[in-house]
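Scroll down for the structure; my scribbles are underneath it.
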Amino acid sequence: MKVICGLFGKTRQAYYKAKRAAEQLVLQQALIIKAVEEIRSSMPRVGTRKLKYLLESVLPQHGIQIGRDQLFDLLRDQGLLVRRPRKRKVITTHSDHPFKKYPNLTDSLELRGANQLWVSDITYVEVKEGFAYLSLITDAYSRKVVGFELHPTLSAQGPLLALHMALRESGWQQKGTLIHHSDRGLQYCCKAYTQLLEQAGVSISMSRKGDPYENALAERMNGILKSEFLLNRIFQSYEQAQQAVQRAIATYNSRWPHGSLYFLTPEQAHGTEGGILQKKWKSKPLEAKVF
């Protein structure tokens, strides 16, 4: 070994030091990959930026630090970068109906706490025998899903059950003014839905005709659950889809760090008060990507 080191102008001490460093790097990378796989077991499509934040609670315990670019390179080398699937369009909104359409109450609304503005939308979940429809109600301040229901039809029953859940479990209980915002779909304009909102003391707001950006936050929520939590795959049964939805929303609410919330989870943000995360409700195209 002394002769070989001499050929390269290195001492044995330098050789063994470099060898130990290389071995240490391999061990550190293996630990990082293991931690990434652990995180992705419950959040399968979480990207590099959020991964770095989540790893910061694990790696320092082992004396490991890694930058975002280093993490990106490691994930790329290991084939662990997330590829975005192609979107499929299924119509869930039918606004050609005789029911009353309400004005938009969200223009320049200052959000200073949870249970001030809820946004609602419906998205599809594909099952072997066709489609099921996921109704979501999201708190615009905390990004917490406060109500949801997977239903086999596009009737108003799914949104109604999601609304009952939100009213029951959100912690609002008529403390302050609450606005419910949605598109002009039949499910949200029908009497059963609007009467439930009015009886609960919730103000009704709807996006203007032909302006998709006015409910962009709700639609972005659909994208997160489907792309990041794999609800965009084909489920073998309705029951399997229900279980996947429940797991995805529980994990999202309790573990998903939001850049726009200073990397708090939705549940953590839901408990903040006094405008700590104060934001203005925005509807312009360039301002709609708020997650």
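Throughout the sequence shown, residue numbering follows the working numbering, covering 0 to 290 in sequence. The beta-carbon is built from N, C-alpha and C at its ideal position, and this holds for glycine as well. Given the structure is predicted, the values throughout are model-derived calculations rather than measurements.
(1) Alpha carbon to alpha carbon, how far is Leu162 from Ile136?
(2) By Cβ distance, which residues of its chain are closer than 8 Å to Ser181, with the 5 residues on each side in sequence left out?
(3) Tell me where the alpha helix (DSSP H) around Leu74 begins and ends.
(4) Which of the three DSSP states is assigned to Ile63 in this structure?
(5) Just list the beta strand (DSSP E) runs in the region 116 to 156, keeping only unbroken ones of 3 residues or longer that don't cross its boundaries, in chain order.
(6) Look up Asp179 in the DSSP assignment and give the residues it is bridged to.
(7) Among the residues of its own chain, which have a CB less than 6 Å from the CB of Arg48, if the five just before and after it don't count?
(8) With distances taken from CA atoms, which of Phe98, Ala191, Ala139 is nearest Leu177?
(9) Is the separation between the beta-carbon of Glu148 and that of Leu160 shorter than 8 Å?
(10) Taking 6 Å as the limit between beta carbons, can you name the residues of its chain near Tyr52, skipping five residues before and five after?
(11) Could you check the C-alpha separation between Phe130 and Pro151 for me, to the nearest Å?
(12) Ignore the nearest five residues each way along the sequence and tell me which others in Val201's own chain have a CB closer than 6 Å to its CB.
(13) Between the Cα of Asn221 and those of Thr122, Gln28, Leu104, Ala29, spot the shortest distance and give me the residue it belongs to.
(14) Please report the Cβ distance between Phe234 and Ala247, rounded to the nearest whole angstrom; I am assuming they are in contact, meaning their Cβ atoms lie under 8 Å.
With the given structure in hand:
(1) 7 Å
(2) Val118, Ser119, Asp120, Tyr187, Ser204, Met205, Ser206, Asn214, Ala217
(3) 67 to 76
(4) coil
(5) 116 to 126, 129 to 138, 144 to 150
(6) Checking the sequence, you will find His at residue 179 rather than Asp. His179 is bridged to Trp117, Ile203.
(7) none
(8) Ala139
(9) yes
(10) Pro256, Phe262
(11) 7 Å
(12) Leu177, His179
(13) Thr122
(14) The pair is not a contact, with the Cβ atoms about 12 Å apart (cut-off 8 Å).
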